[in-house]
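In terms of our numbering, the numbers along the sequence shown are unbroken and rise by one, the last being 286. For every residue, glycine included, the Cβ atom is placed at its ideal position computed from N, Cα and C. It should be emphasised that the depicted structure is a prediction, and the values quoted were computed from it without experimental measurement.
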Amino acid sequence: MRTRPTRLRILLGAAAALPLGVVAPAWALPDPPPAPAVVGPATLCAPAGVLQGPGGQRASVSLCLGSGTPMMAVSAPATCRRAGSPARSACLTSGTWTARRDGVAVASGTLPGSREYPGPGTYDIEAEVRVRSDPAGVDLSGTVRATLTLSAPKAAPTHRVEVDRGTLRRGTATTLTYRVHRDSERGDGSARFELIGEEASGVELTTDDARCVNPLVGRHPSTARNLYALDCALTDLQPGRPATVVVRVALRDTCSTVVSKLGYWMPQGQALYTGGMLAGPTAECV
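Given below as structure tokens:
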């Protein structure tokens with residue numbers, strides 16, 4: 001009768017007889033393929049700095065860029081620690097940011113906020129932030145920085161607005177001719193074209209175009225309207241068929257710029273957030 005040690009020796013011998021190629025060493029395994037570059041909508045974050053207070057308060061701040069849509073969203077999430085407490089607190093962050101590409105400022109705004117996406121590239125983000133904990137205990141301010149590289153392509157423009165002149169003069173009336181283009185086959189022909197001057201300047205925007213009105217203000221039955229603004233409902237925009245809007249701008253002794261905006265629908269119109277907003281040309285007072 002075989003003893004237990006003999007059985008063990010037989011098993012060890014069988015294992016030794018296995019070919020060496022059955023289990024390859026770790027160093028012989030091929031490297032996994034690299035992860036594909038993210039080119040769709042995505043948010044990229046990087047550590048941006050640590051703010052510290054004299055009482056042991058501490059906030060670790062990151063900067064995040066969201067891309068892949070017509071807008072670039074910027075935020076500054078943070079984690080907070082209060083003196084004498086190992087637990088992390090929820091943080092409220094606010095402030096301002098500037099994005100530079102190749103040393104040139106391409107966008108700026110408040111935190112959190114968004115601006116038109118400038119396109120792929122490496123961005124140096126600098127932010128002046130204030131971080132407060134919830135519950136209270138941390139309240140710190142300072143400058144943080146991060147470098148982030150975005151690969152998402154810039155979305156092709158779907159609409160554009162042109163104007164025949166870009167200057168106004170105080171004490172005069174000027175006629176501006178705007179042309180609103182839809183260059184994309186996507187979406188439909190609906191758009192909201194808006195012009196607005198500076199309220200306190202006394203500027204008046206008028207037109208004979210039946211698609212446009214000065215916005216109604218005040219509680220019913222008020223019939224007062226804001227003459228410094230004009231709102232035009234366009235419904236027949238088609239590629240190759242732009243809409244023309246002629247506007248008269250009357251300035252008093254106080255200068256006013258007149259800015260233009262265009263809101264438009266895109267597919268998936270039943271979704272809450274769809275379409276886009278385009279900044280049109282600005283008429284400057286000289």
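Proximal residues to Gly263 (C-beta, below 7 Å), its chain only, five neighbours per side dropped: One-based indexing of the sequence shown puts residue 263 at position 263. These residues qualify, in order along the chain: Ala191, Arg192, Gly275, Met277.
From the DSSP output, in three-state form, read off Ser67 for me. Locating residue 67 in the sequence shown gives position 67, where the first residue counts as 1. Ser67 falls in the strand class under three-state DSSP.
Does DSSP put Pro25 in a helix, in a strand, or in coil? Taking the sequence shown and counting its residues from 1, the one referred to as residue 25 is at position 25. With a pLDDT of only 37 at Pro25, under the threshold of 50, the placement of this residue in the model should not be trusted; the figure read from the coordinates follows. Pro25 falls in the coil class under three-state DSSP.
Look at the alpha carbon of Val144 and the alpha carbon of Val104, and state the distance between them as a whole number of angstroms. Position 144 of the sequence shown, counted from the start, is the residue given in the question as residue 144. Position 104 of the sequence shown, counted from the start, is the residue given in the question as residue 104. The straight-line gap from Cα to Cα measures roughly 18 Å.
Three-state secondary structure (DSSP) of Gly269: Reading the sequence shown from its first residue, position 269 is the one you call residue 269. In the structure shown, Gly269 sits in coil (DSSP, three-state: anything other than H, G, I, E or B).
Cys80 beta carbon less than 8 Å from that of Val131: For this step, residue 131 is matched to residue 131 along the sequence shown. For this step, residue 80 is matched to residue 80 along the sequence shown. Yes.
Assuming the contact rule is C-beta atoms closer than 8 Å, Glu126 and Thr149 should be a hit. Round their C-beta distance to whole Å, please. Working through the sequence shown from its first residue, we reach residue 126 at position 126. Working through the sequence shown from its first residue, we reach residue 149 at position 149. Not quite, the Cβ-Cβ distance comes to about 16 Å (not below 8 Å), so this is no contact.
Excluding five sequence neighbours on each side, which residues of the same chain lie with their C-beta closer than 6 Å to the C-beta of Leu227? Along the sequence shown, one-based indexing puts residue 227 at 227. These residues qualify, in order along the chain: Glu204, Asn214.
What does a CB cutoff of less than 6 Å around Thr175 pick up in its chain, not counting 5 residues either side in sequence? The sequence position of residue 175 within the sequence shown is 175, counting from 1. Counting only Cβ-Cβ distances below 6 Å, and skipping sequence neighbours, we find Arg248.
By Cβ distance, which residues of its chain are closer than 6 Å to Gly137, with the 5 residues on each side in sequence left out? Here residue 137 refers to the residue found at position 137 when the sequence shown is read from its first residue. Arg82, listed in sequence order.
Ignore the nearest five residues each way along the sequence and tell me which others in Glu199's own chain have a CB closer than 8 Å to its CB. Sequence index remark: in the sequence shown, residue 199 carries index 199 (1-based). Taken in chain order, the residues that qualify are Asn226, Tyr228.
With C-beta atoms as the reference, is Ala243 less than 8 Å away from Leu230? The residue you call residue 243 lines up with position 243 of the sequence shown. The residue you call residue 230 lines up with position 230 of the sequence shown. No; because the gap between Cβ atoms is not below 8 Å, this pair is not in contact.
With DSSP as the reference, please indicate the residues paired to Thr96 in a beta bridge. Numbered from its first residue, the sequence shown carries residue 96 at position 96. Per DSSP, Thr110, Glu128.
In three-state terms, what does DSSP make of Ala243? Residue mapping note: residue 243 aligns to position 243 of the sequence shown, counting from 1. Ala243 falls in the strand class under three-state DSSP.
Gly187 classed as buried or exposed, judged by whether at least 16 other C-beta atoms fall within 10 angstroms: The residue you call residue 187 lines up with position 187 of the sequence shown. Buried, since its Cβ has 16 or more Cβ neighbours within 10 Å.
How should Gly68 be labelled, buried or exposed, when 16 other C-beta atoms within 10 angstroms of its C-beta is the threshold for buried? Within the sequence shown, the letter at position 68 stands for residue 68. Buried is the call here.
What residues in its chain sit with their C-beta under 6 Å from that of Arg160, if we drop five residues either side in the sequence? Counting from one through the sequence shown, the residue named residue 160 turns up at place 160. Closer than 6 Å at the Cβ level, and outside the excluded window around Arg160, lie His181.
Identify the residues that DSSP records as bridge partners of Arg186: which are they? Residue 186 sits at position 186 when you count from the first residue of the sequence shown. Answer by DSSP bridge pairing: none, since Arg186 is not bridged.
Do Val245 and Asp209 have their beta-carbon atoms positioned less than 8 Å apart in this structure? The count along the sequence shown starts at 1 and reaches residue 209 at position 209. The count along the sequence shown starts at 1 and reaches residue 245 at position 245. Yes, these two residues count as a Cβ contact at 8 Å.
Where does Ala152 sit, in a helix, a strand or coil, going by DSSP? Locating residue 152 in the sequence shown gives position 152, where the first residue counts as 1. Reduced to three states, the DSSP call for Ala152 is coil.
Quick one: Cα of Cys285 to Cα of Leu195, how far? Position 285 of the sequence shown holds residue 285. Position 195 of the sequence shown holds residue 195. Cα-Cα distance, rounded: 15 Å.
Excluding five sequence neighbours on each side, which residues of the same chain lie with their C-beta closer than 8 Å to the C-beta of Gly166? By 1-based counting over the sequence shown, the position of residue 166 is 166. So the list reads Pro281, Thr282, Ala283, Glu284, once near-sequence residues are dropped.
Please report the straight-line C-alpha distance between Ser184 and Tyr273, rounded to a whole angstrom. Position 184 of the sequence shown, counted from the first residue, corresponds to residue 184. Position 273 of the sequence shown, counted from the first residue, corresponds to residue 273. Their backbone Cα atoms lie some 19 Å apart in a straight line.
Distance check for Arg179 and Ala279, CA to CA, integer angstroms please. One-based indexing of the sequence shown puts residue 279 at position 279. One-based indexing of the sequence shown puts residue 179 at position 179. Answer to the nearest angstrom: the Cα atoms are 14 Å apart.
At the level of alpha carbons, what is the spacing between Gly66 and Arg241? Translated into positions along the sequence shown, residue 66 becomes position 66. Translated into positions along the sequence shown, residue 241 becomes position 241. If you take the alpha carbons of Gly66 and Arg241, they lie about 34 Å apart.
List the DSSP bridge partners of Arg81. The residue labelled residue 81 in the question sits at position 81 within the sequence shown. Per DSSP, Arg58, Arg88.
Could you tell me if Gln57 is buried or exposed, where buried requires 16 or more neighbouring beta carbons within 10 angstroms of its beta carbon? Along the sequence shown, one-based indexing puts residue 57 at 57. Label assigned to Gln57: buried.
Boundaries of the beta strand (DSSP E) in which Gln52 is found, first to last residue: Position 52 of the sequence shown, counting from 1, holds the residue named residue 52. Judged by DSSP secondary structure, Gln52 falls within the beta strand (DSSP E) whose first and last residues are 42-52.
Are Ser89 and Pro54 close, meaning C-beta to C-beta below 8 Å? Locating residue 89 in the sequence shown gives position 89, where the first residue counts as 1. Locating residue 54 in the sequence shown gives position 54, where the first residue counts as 1. In this structure, Pro54 does not lie closer than 8 Å to Ser89 by Cβ.
Count the other CB atoms within 10 Å of the CB of Val61; is the residue buried (16 or more) or exposed (fewer)? In the sequence shown, the residue the question calls residue 61 occupies position 61. Label assigned to Val61: buried.
Pull up the CB-CB distance for Thr147 and Asp124, whole angstroms please, since I reckon it's below 8 Å. Against the sequence shown, residue 147 aligns to sequence position 147. Against the sequence shown, residue 124 aligns to sequence position 124. Right, their Cβ atoms sit about 5 Å apart.
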